[in-house]
Amino acid sequence: MSDPVEIQVVDLPGHEGEEVRLRGWVETVRLHGRVAFVVLRDGSGIVQCVVQKAAVGEELWEEVSQLSQESSVAIRGAVEREPRSPGGFEVKVAEMKVLGRADEFPIQPKEHGVEFLMDHRHLWLRSTLQRAVLRVRHEVTHAIHEFFYAEGFTRIDTPILTGSIGESAGTLFSTDYFGETAYLAQTGQLYLEAACPAFGKVYCFGPTFRAEKSKTRRHLTEFWMVEPEVAFADSEENMRLQERFVSHLVRWAIERCAPELETLERDTSSLERVSAPFPRISYSDAVELLRQKGSEIEWGSDLGGADETLIAEEFELPVFVFNYPREAKAFYMKENPADPRTVLCNDLIAPEGYGEIIGGSQREDDPERLLRRIREEDLPEEAYEWYLDLRRYGTFVHSGFGLGIERTVAWITGRPHVRELIPFPRLMNRLAP
RNA sequence: UGGGGUGUAGCUCAACCGGCAGAGCGCCUGGCUGUUAACCAGGAGGUUGAAGGUUCGAGCCCUUCCGCCCCAGCCA
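What follows is the structure, encoded as structure tokens:
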């Protein structure tokens, strides 16, 4: 196999009538006695390859009839336009070489249970739906960097191993760090606040870890979060950034992932409507609305998943719920001057029951109030000295938010469970593969 | 952690009231020159999650344990 050019499936249309070489994996083989159809996947697409016994001879025919699903092969053949073939093109095989014969492949093109698929996650990644959702994830993460680059943000990589700092120590993974305890980061925000006076607009993007014992379709113990932080932005500006950002991600995915979304049978009409501004409802109004709809919720308690879904049903777009009670939120959020029972913050709830995809807030910039809150929450004061320093050396109004990648991709792809939307999910009861 | 559900062939699932352990897919063998998760014929494949109990007899009923799924809480 030397002379013909090696191409990828995606480039087949430009090589009609030529002889080419391809390498990839066998998705299916259909044998018919003297003709065989081999569907080849090379990562860029799939193509049906036709082997005719009369054209290739006994020896190769024997090899084709022994071909197993997911074997890796190299082929040489002519590219032809063929309406009966999926994708409209076909390769007439002249030569084929098995590069790596596959044992009996556990995953068949049929229904499987979740546990079985997760046990075989390393092989499940090859299947059509998983390729589609992970491709959408890739485009969404690309759009994140593209958006912030265009907006003049500087990317700051925050540490994963941290001392005792963050929101609440009960949900942190801990590990030994040369004799002292280190925690896996559950947010990069506090470090971003430190970088904010250096660069003005910053963001981080990486894995975060929560040791919460949650077993729901919206939770992972390791998930990816993008967190921007903007100097001199108040809560209102923060929400305006969020709605522009989310609109950008959705529009990007629709434009770049049309084939994938079609594979996933995602009705994109609701996604097409997503553009700023998004509707806003205060926490207090949301509680009022929920009580009118029959909920028993009392002012002061946080909104549950069912509450969020009820609120989302009222709007066609993602909806901001802003200014929650202080007790329901983190210590670093700024007190609302107009109503000190509440803090200047917001969640963004995705439509169609996909739940909270963003949590954001204006940060407390007053050193006295911040210290009071740290003491109220019984946090180790010494560990927050450097964080308090940020208020002592040129304090400034600033705001930021965190967007969960897996939840966002769940919403865009219409998949029900976040465990499919990260290549190797980490759940309470799953650490492998 | 609480509530609900579930566990049978490699996979997805049947098995009536407690009465011989079944099918489809996959795999193996044979047939077939246009299939689209091809089709046709044949074959192999089982500690019914584990332990105990009731019964002439348990996949099925009871007890305990284990795994998984869904919902709630916590959150992105």
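Quick note: the first sequence uses my numbering, first residue 496, plus one each step.
For each residue, glycine too, the CB sits at the ideal point set by N, CA and C.
For residue i, three-class secondary structure by DSSP
i	result
I570	strand
C691	helix
G848	coil
E915	helix
L656	strand
Q547	strand
G647	coil
Y819	coil
R630	helix
R921	coil
H893	strand
P499	coil
S563	coil
R705	coil
G538	coil
R616	helix
A531	strand
G509	helix
E577	coil
A825	coil
A807	helix
T711	coil
G909	coil
Alpha-carbon spacing of residue i relative to residue j, whole angstroms
i	j	result
K548	E808	59 angstroms
G854	L555	60 angstroms
D873	E634	42 angstroms
L507	F600	28 angstroms
A569	L687	49 angstroms
T804	G538	37 angstroms
S742	P820	28 angstroms
L510	I651	One point to set straight first is that residue 510 is His, not Leu, in the sequence displayed. Using only the alpha carbons, I get a separation of about 44 angstroms.
I541	V534	7 angstroms
A706	Y698	24 angstroms
P875	I869	8 angstroms
M496	L629	The predicted model places M496 with a pLDDT of 47, which falls under 50 and marks its position as unreliable, so this point remains unresolved.
D842	Y644	24 angstroms
V631	E760	13 angstroms
H607	H615	11 angstroms
S894	E724	6 angstroms
E755	N924	30 angstroms
H912	F611	16 angstroms
K824	R864	15 angstroms
R516	T908	34 angstroms
F919	R735	33 angstroms
T676	S669	6 angstroms
E859	L679	24 angstroms
I792	Q857	26 angstroms
H617	A627	16 angstroms
R579	F532	12 angstroms
Nearest neighbour of residue i, chosen from the options [CA to CA]
i	options	result
Y849	A771, R739, E513, G799	G799
I852	L812, F919, V574, A706	L812
V546	R536, H527, A748	H527
E574	V505, E863, A638, A597	Contrary to the premise, residue 574 reads as Val rather than Glu in this sequence. Cα-wise, what sits closest to V574 is V505.
K605	A825, T837, W619, K592	W619
T649	D598, E859, A726	A726
D729	P862, F817, F668	F817
H637	H714, V745, L685	V745
E522	E553, L866, Q603	Q603
E646	A690, L922, G695	G695
A781	R518, V769, D802	D802
I639	P774, R529, G512, G701	G701
T758	E577, T623, R579	T623
G795	I806, E783, Q787, K788	E783
L685	A878, R751, G595	A878
N831	T657, V530, E731, D884	E731
L922	C752, R518, R712	R712
Assumed close pair residue i, residue j - CB separation to whole angstroms, cut-off 8 angstroms
i	j	result
F896	E722	7 angstroms
Q543	P581	6 angstroms
A597	Q561	Between Q561 and A597 the Cβ distance is about 11 angstroms, and since that is not below 8 angstroms, they are no contact.
T837	Y778	7 angstroms
V593	E558	6 angstroms
E767	I749	7 angstroms
W719	I900	4 angstroms
P772	V814	Contact flag wrong, Cβ pair sits at about 11 angstroms.
R886	D861	7 angstroms
E501	G572	The Cβ separation is near 12 angstroms, so there is no contact.
Taking only runs that begin and end inside the region 828 to 888, name each unbroken beta strand (DSSP E) of 3 or more residues, in chain order. Listed in chain order, the complete beta strand (DSSP E) runs (minimum 3 residues) inside the region 828 to 888 are 840 to 845, 850 to 857.
In the region 723 to 804, which residue ranges form an unbroken alpha helix (DSSP H) of at least 4 residues, counting only runs that do not cross its ends? 730 to 751, 753 to 758, 764 to 767, 778 to 787
If you scan the region 583 to 611 from start to end, which runs of the beta strand (DSSP E) of 3 or more residues do you find wholly inside it? 584 to 595
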